[in-house]
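Those protein sequence lines, which keep their order, are chains A and B.
Residue numbering for the first sequence is 201 to 277, as defined by our numbering.
Residue numbering for the second sequence is 506 to 690, as defined by our numbering.
Each residue gets a CB set at the ideal place from its N, CA and C atoms; glycine is no exception.
Report on the structure given below.
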Amino acid sequence: MISCKEATHLSSKKEEGKLTRMQRWELAFHLFICKNCKAFVRNSNFLNISFQRSEKAELTEAEKKAMQEKVNQSGLK
Amino acid sequence: MGKHQLNPEHWVATYGDMLLSYAQTRVNDRELAKDLVQESFLVAFRSKDQYRGELSEKNWLYLVLRSRILDHFKKKSEVAFSKLGPDQDDDDVHFTEKGHWKKGAAPQQWNADRLALSNEFYSSLSDCKDALPDKQNAAFTLKYLEQKDSEDICKELDISASNYWVLIHRAKLALQDCLQGKGVT
């Protein structure tokens with residue numbers, strides 16, 4: 201039976217579909233009986249989704265002006 | 506010439522906020538994000554003769570910005586690689602010799618439904634990602650924000666596949682630790 205350390209490693213590789221059939225079985229079995237690793241995998245999945253959320257950022261009018269100015273200037277050189 | 510054209514005089518007004526949001530989500534630092542966007546506009550402007558009009562103006566600018574962001578992470582992780590000797594095995598913090606969770610290091614399952622609605626959680630998440638070592642942060646950002654697969658990331662950061670998996674693994678453990686330390690449950 202695989203250890204928790206191995207199981208958590210395999211769970212990362214699983215995200216990219218990089219497991220052999222044997223490894224998939226070992227992982228599934230481990231997660232079935234190990235509450236801690238199951239929590240780790242669930243938390244990881246939640247983090248993956250959370251990272252997809254993008255922040256909204258805005259430039260101030262002054263910053264926009266300065267930025268566009270630099271672009272215009274680089275054209276004159 | 507393709508069907509698209511460039512209008513550099515409208516770039517900042519049209520795409521400035523969009524590109525800033527994109528950069529800031531990835532580098533997690535507004536000033537740095539702003540610099541990257543400014544640089545991208547300048548690089549794009551200087552290379553506008555190479556624009557063939559096959560991509561839309563917007564996608565072309567995103568492409569330039571992405572490569573600036575990638576450069577940023579590459580530089581950071583190169584410094585990190587040269588600074589550090591062989592990585593210490595901080596798996597030991599979490600696992601016993603036999604590979605079981607150490608007492609107190611085992612993760613507790615979070616209440617995802619509640620956290621997803623909590624702004625405090627998202628700000629802790631940014632802080633914890635920032636606190637990751639540079640190499641881990643670079644690999645993690647490319648994987649989860651750029652949705653790149655492991656082969657591409659290994660090439661871009663010039664690391665081996667096994668090294669990559671170790672980085673991702675440690676980043677996940679460290680993130681969960683850090684978040685739990687901030688009271689996430």
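Residue range of the unbroken alpha helix (DSSP H) whose run includes B:Gly686: From DSSP, the alpha helix (DSSP H) with B:Gly686 extends over Ala666 to Gly686.
Exposed unless 16 or more other CB atoms sit within 10 angstroms - verdict on A:Leu210: Buried.
Distance between B:Ser526 and A:Lys256 (C-alpha atoms, nearest Å): If you take the alpha carbons of A:Lys256 and B:Ser526, they lie about 5 Å apart.
Within 8 Å, strictly: CB atoms of B:Asp522 and A:Leu259: Judged by their CB atoms, B:Asp522 and A:Leu259 are nearer to each other than the 8 Å cut-off.
Counted within 10 angstroms of its Cβ, other Cβ atoms place A:Asn272 as buried (16 or more) or exposed: It counts as exposed.
Identity of the residues DSSP links to A:Trp225 by a beta bridge: Answer is none; A:Trp225 lacks a bridge partner.
B:Phe600 - partner residues in DSSP beta bridges: Looking at the DSSP assignment, B:Phe600 forms a beta bridge with B:Trp606.
Buried or exposed by the 16-neighbour rule on C-beta atoms within 10 Å, applied to B:Glu656: Exposed, because fewer than 16 other Cβ atoms sit within 10 Å of the Cβ of B:Glu656.
At least 3 beta-carbon pairs within less than 8 Å: the stretch 552–564 of chain B vs the stretch 636–651 of chain B: In short, these stretches do not touch, since the Cβ pair count stays below three.
Supposed close pair B:Leu684, B:Leu630 - CB separation, criterion 8 Å: Contact between B:Leu684 and B:Leu630 is confirmed by a C-beta separation of about 7 Å, below the 8 Å threshold.
Through-space distance from B:Gln529 to A:Asn236, alpha-carbon basis: Taking the straight line from one Cα to the other gives about 34 Å.
Opening and closing residue of the alpha helix (DSSP H) in which B:Gln615 lies: Gln is not the amino acid found at residue 615 of chain B; the sequence shown has Trp there. Neither: B:Trp615 is in no alpha helix (DSSP H) and is coded neither H nor E.
Contacting residues, own chain, Cβ-Cβ under 6 Å from B:Leu680 (five flanking each side not counted): Excluding sequence neighbours, B:Leu680 sits near Cys633.
Per-residue DSSP class, three states only, for A:Val271: For A:Val271, the three-state secondary structure derived from DSSP is helix.
Beta-carbon proximity of A:Phe229 to B:Pro612, cut-off 8 Å: No, these two residues do not count as a Cβ contact at 8 Å.
Contacts around B:Lys508, its chain only, beta-carbon distance under 8 Å, and the 5 residues preceding and following it disregarded: Same-chain partners within the cutoff: Gly558.
Rounded straight-line distance, which links the Cα of B:Ser623 to that of B:Lys687: Roughly 13 Å separates the two Cα atoms.
Limits of the alpha helix (DSSP H) - the one that B:Val532 falls within: Note, B:Val532: alpha helix (DSSP H), Trp516 to Val532.
Buried or exposed (CB count within 10 angstroms, at least 16 for buried), A:Phe232: Exposed.
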